[in-house]
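Going by our numbering, the letters in the sequence shown line up with residues 3 to 954, in that order. The structure under discussion appears below in the form of C-alpha cells.
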Amino acid sequence: MENFAVSLGRFIKPTETVVASLLAVEVLPDNEDEHGVNVLLVVVSHKDPYSGREEGGLLVLRYKRVIEHYDFRVRHTYPIRDEFSITMSQVKLPDTGIHQAVDSSTAFNLIIRADTGKIVSPRFYTTDLDRLKILLSAYKSFLEPSVAFPGDFNPSAYSWLALYLLHQLSASLPTVPLDLRMRHEPLIARLSPACAGLLGNEANDLLIVRDEWILQEAHRLSRIGKCRLKIRVGTFNVNGKNPSQDLSAWLGSQDAVNVPFSPPANQLSTLSVGDADRDPFDDINAVKESPDKPQTKGGALLVEDVYDADAAQDADMLVLGFQELDLSTEALLYSTSTLKEDAWCSSIFASLGEKAVLYTKLASHQLVGMLVVVLVKKSLEACFSNIQTCAVGAGIMGIMGNKGGTAVRLEFTAPQPPSTQVDGQQETPTEKTQAERARESGPIGLTFVNAHLAAYDDMVERRNADFADLSKRMVFDAVFRIEKEGDLNAPNPEPVDVDPPVTSIYNSDALFWMGGECSQSHSPSAHLESVIDLNYRLDLLDGDVREILQASYWSNKIETLLKYDQLKNSMLKNKAFHHFSEPPIYHTPSYRYGSGATDSLGYDLKRRPAWCDRILFMDSPAATVSPTEYWCHREITLSDHRPVSASFSIDIDVYDRRLKHQQFRKLYRQLAIFETPDHMQGYTEISLSSSTIELEQFSATHLEDDYFGMHWQGKHAQPSSCPSGWVEHRLVKICDEVDLVIPSHLSSAPPWLKVQPSSGLLLSGQSEDIEITALVDDELAVSMNFGDRKLYATLVLHAFMGKDKFISVSAEYHRTCFATTMSILGRLPCPVRNVASLGDLLPASQSLPKEFSRLITYLMTYGTETDDLFIAAADEDVLAIIRECIDTGRDFPDPGTLQITHAVAQTLIQLMDSLQEPVFPYALHTRCTQATSREQAFELLDGLTADVVNVS
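Written out as C-alpha cells, the structure is:
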C-alpha cells in the first residue's frame, strides 16, 4: 500500500511544492448536527515564471483509500494573497458526531475568508496543533509579500490553481442554454486577452475551451436526428381599435391577398385549407431511413433524418404580438383589465374558422397596451413546458407601461416520431428504437419578445438605447433544476441550496423579437413621448419615398428604400440588434395608412411611410431558424398600421437526454487524465504542415484563401472517441515591445486576414485545418489603398504549456479607386492599380478624375436612351468586370450592350457611395434640402471645387 505522503506527491503537479499539510474536518454551514467531512488542507508554492516571485495557494482536498494508493479530489482552491485570511480559535466541540472524526473533545476552529463571492466562509476543526502551527506559518510567509506588493502581479498570477479543478466532474449539464449573443461570437471572444510571451488567464481559458468542447461533443454523440417545428409570428399595432375585421389572412388561415412587389414563388402560406376534423398526427411523416445504415457511436444513432412535429401544413405555433390595445389614460397606470385581451383572443379563434379546434391558448402576457399571445396545436401541447412570462415598463420616467416590452419563454421537447414498419408489421428491434429515444430527448428554449421603442424620425439613437435597456432588464425567474444521471425523469427534481439565477431573454436556443408602432396623438402623454414599437424610419425625404413607391418603372424600389432604413443601418453598425436576422422584405411599408388625406397608395400625407412593424430572430446550432414568409397584410384596414406576419421553419436537434448526460460525464473523466504529470510536461507541442503561407494577389472584390494543418500526437495516440490526452490551442498576437500592452483577444491577425478557427482543442493523434482568408471590404480599403502593396503577417499559434509556433503569411493587395476621396482620384498619374506609392500622386488638380470621366462619357454615349439607367439591377459578375476595368485602365467589354450599360451606371453609383467624403460635402446637405430655386442651386455649385462640379 502506497503511503499517504507518496500519494499526495503524485497528485500535486511537478510545478508546485508541498509546504505544509493538515488533516481536518470541514463542517458544512447547514449540517452542524451531521458528521464532518474529512479533508486535507495543503499549502503549496508555485514560482511565477514572469516575476520570479513565489506564489502560495491553499488546497482543500477530499481523500479516500483505494486498493494501492490514496485518491484525492479538490473541494476548494484559494490564492494566498491580500484578501485571504485564516482565523483560529480554540473551542469545545459540541456533543455531535463531529468529535468522532477528530477523536477529541477539544479542537481548533479555523475559518477561511477569501474574496470568492461566497456568503458563508468554510469552517474546519483540527486537533493537530503541531501541524496547524506549520500551516499557519507557511500561510503568513506567502501572505506578507502579496500585501506589500498588491498590484505587482501578472494577469495570469495564481491561474495555476485553476488547473487543480480540471478533473472535477460537473454535477449536471447547464440548466439553461448559453447566451445566444455569445454563441454567435467566436470561442476566442470568451478567452482572456493574450499575446506571445505575455499570456492572460491561461488556466481559465483552458477550462472554457475544454467545457465548450465537451458540451458540443456530448451533444453530437447523443444526437438522434432533427424535428421540424413550424411557427407563425405576427405583429399588429391596433391603434386602440377593437377587433372588427377578419384576421384570417394575418393568421395564415387563407391565402394572402397579392399586393405589388410579391415575393418569390417559394414564399408560401404556412396554413393550408384542410379537414379540421382529422387528427393532425395522422399525417406525421415517418422518420426516413438513411441511404446508408445508421452508424452507432457511443450508443447514439448518428442519422440526419428530419421529421415534422406535425406534417400538416398548418403552423404548429401561432405567436402574436399586439401594441396599443388600450390608449386610455387609465391604462398607463398598469391596468390589470383583460377585456381587451379577451376580445382579441376571441377574434383570433373566430378568424381561424374551422381550424380553431386544432389550437389552444398556451400562454399570454399583457402590459398596458402590449400583449403577446401564444397558441399551439392541441396535439403538441404536452411538448411545451416551463412557461415563463415577464414584462418591463420603459415609458415616462423609465417605468410607466406606455413603452417597454412583454416576453414569453417556453421549452419545447420533440414529440415521439412514428415507429418504423416492415411489410406492414411493427418493427421489433433488440435495442431502443429512435422513437423510444426521442421520448427522452432534451428540450430547447424558445423566447418571444414584443416591444415598444422610442418614437419620431430623429430618435434613432434613443431607439437603440431602448433596445439595449430592454435587453438587460427583460429577465425570467429561472426554473433551476438538477437532472441526475440515474433519475432524469423524476417528477420533482431536487432543488439546489443556492438562489437560482435569473434567465435572460438571450438564454434561449431561438429568440424572436417583434414590434410595430403606435399613433402620436392619442394619450395625454403623447406630447412627452409617443409609444412606438420598433419604430425605425427611413432617412429619406418624404417626397422621395412616395415617388419611389409610386413609380411603376422602378423594379428594385424596395431594395432602394431599405438602404435608408434606420433599423438595418443600426444592425450593420452593431448599434442595435447585433446578431439578429430579418427575413428578406418584399412588402411595402406597413406605416402609416390614413383615413383622411392620403396618396395613391393609401399612405397618410402627414406621415412618411416606413417599415415600423418588424419581426427579427436569432437562432443557434441546436435550433436552426429558416424564414419561409414575411408579409404585410394591407387588406386588414382597421388601424393606421397593417399587420405583419412571418412564418418560420425551425430544425431542432433531437438528442437522447440520458445518453447526453452519460457522454458528458464520460468525456470529463477521459479528459481528466491530462492532470497527470506525464501529460502536463513535454507532450503539448503541435506540429504544423507548413510555417509559410503565400497568398496570391487579392483586392476589395476578390478574396484569396489557403490553410495550414496542425497535428498533435500526444504520448499515447488514441481514437478520438477515447482520448488519452488533449491540448488547448489558440492564436495570439505579438505584443507591443514598448509597453507590453496585451492586445484584444480578437486581434490575433491583421484586419485584412481572417483565420478560422482561432481557438480549439485537439485530442491525441488528432489533426485540424486552419483556414486563412485575405479579404478587404470598402471600409478597410480606405486605409489600405495607398499603403504597402506587399503585406506580411505573423500568426502565433500557442498551445497550453507548449512552445509557440509561428506562421508567416504574405500577400499582395491590389489597390482600388473605390473607398478613397475625389481629390486623390484627381491626382492619380495612371490607373490606381499601377501607382507604386502615395508619393507618386500629382499635385492637386481641378479636373474631373479620369475614373468618373470614363464612366460618365460611356453613359453619355450609350445610356441616354435607357429609361431605367440607374434603376435596373446589374449582374454582379459584370459589375466586378467593370470595377476591374476602372482600376486597371482596361477597355470596357462589349460597349453599347444593355447589360454593360446597366453595370456602368451601377458602378458609377457604387463609386460615389464609396467615397470617404460624398460628392456634396456633409456641410452642404442642409442647404441642399432647403434650395427651392435654380438660383439657389447654382449658388451651391459655386461653393464646390471644379472636379466635384463636373461630377454633379
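Glycine is no exception: its CB is placed at the ideal position from the N, C-alpha and C atoms. Because the structure is a prediction, the values reported are computed rather than measured.
For residue i, three-class secondary structure by DSSP
i, result
"residue 476", "coil"
"residue 664", "helix"
"residue 826", "helix"
"residue 423", "Caution applies to residue 423, whose pLDDT of 39 falls short of 50 and renders its modelled position unreliable; the value that the coordinates give is listed next. DSSP places residue 423 in strand when its eight states are reduced to three."
"residue 947", "coil"
"residue 511", "coil"
"residue 392", "strand"
"residue 606", "strand"
"residue 544", "helix"
"residue 903", "helix"
"residue 228", "strand"
"residue 355", "helix"
"residue 206", "helix"
"residue 13", "helix"
"residue 633", "strand"
"residue 841", "helix"
"residue 134", "helix"
"residue 223", "helix"
"residue 594", "coil"
"residue 579", "coil"
"residue 243", "coil"
"residue 160", "coil"
C-alpha distance - residue i paired with residue j, whole-angstrom precision
i, j, result
"residue 355", "residue 253", "11 angstroms"
"residue 708", "residue 798", "17 angstroms"
"residue 790", "residue 836", "13 angstroms"
"residue 937", "residue 852", "29 angstroms"
"residue 21", "residue 39", "23 angstroms"
"residue 638", "residue 246", "10 angstroms"
"residue 645", "residue 371", "16 angstroms"
"residue 541", "residue 649", "28 angstroms"
"residue 381", "residue 318", "9 angstroms"
"residue 861", "residue 825", "23 angstroms"
"residue 111", "residue 135", "13 angstroms"
"residue 358", "residue 77", "57 angstroms"
"residue 514", "residue 619", "4 angstroms"
"residue 224", "residue 658", "5 angstroms"
"residue 303", "residue 180", "Here residue 303 scores only 27 on pLDDT, less than 50, and its place in the model should not be relied on; the value that follows carries that caveat. Approximately 25 angstroms, taken between the alpha carbons."
"residue 577", "residue 463", "8 angstroms"
"residue 779", "residue 702", "5 angstroms"
"residue 199", "residue 734", "10 angstroms"
"residue 974", "residue 623", "No information on residue 974 is available, as it lies outside the stretch 3 to 954 that the chain covers here."
Residues that residue i bridges to, as DSSP identifies them
i, result
"residue 19", "47"
"residue 658", "443"
"residue 773", "709, 758"
"residue 789", "According to DSSP, residue 789 bridges with nothing at all."
"residue 197", "200, 735"
"residue 111", "91, 127"
"residue 653", "230, 626"
"residue 28", "39, 126"
Identity of the residue in the options nearest residue i by Cα
i, options, result
"residue 774", "644, 471, 605, 759", "759"
"residue 387", "131, 75, 376, 395", "376"
"residue 610", "549, 666, 641, 587", "549"
"residue 588", "571, 574, 570, 558", "558"
"residue 806", "144, 197, 87, 82", "197"
"residue 330", "202, 243, 344", "243"
"residue 811", "854, 751, 855, 573", "751"
"residue 2", "946, 850, 514, 468", "No statement about residue 2 is possible, as the shown extent of the chain runs from 3 to 954 and does not include it."
"residue 160", "877, 133, 89, 58", "58"
"residue 591", "574, 566, 572", "566"
"residue 324", "316, 315, 350", "350"
Supposed contact pair residue j and residue i - C-beta distance, whole angstroms, cut 8 angstroms
i, j, result
"residue 141", "residue 45", "6 angstroms"
"residue 369", "residue 240", "Actually they do not touch by this definition, with Cβ atoms about 15 angstroms apart."
"residue 621", "residue 228", "Between residue 228 and residue 621 the Cβ distance is about 13 angstroms, and since that is not below 8 angstroms, they are no contact."
"residue 668", "residue 221", "Rounded, the Cβ-Cβ distance is 13 angstroms, inconsistent with contact."
"residue 164", "residue 209", "6 angstroms"
"residue 214", "residue 189", "6 angstroms"
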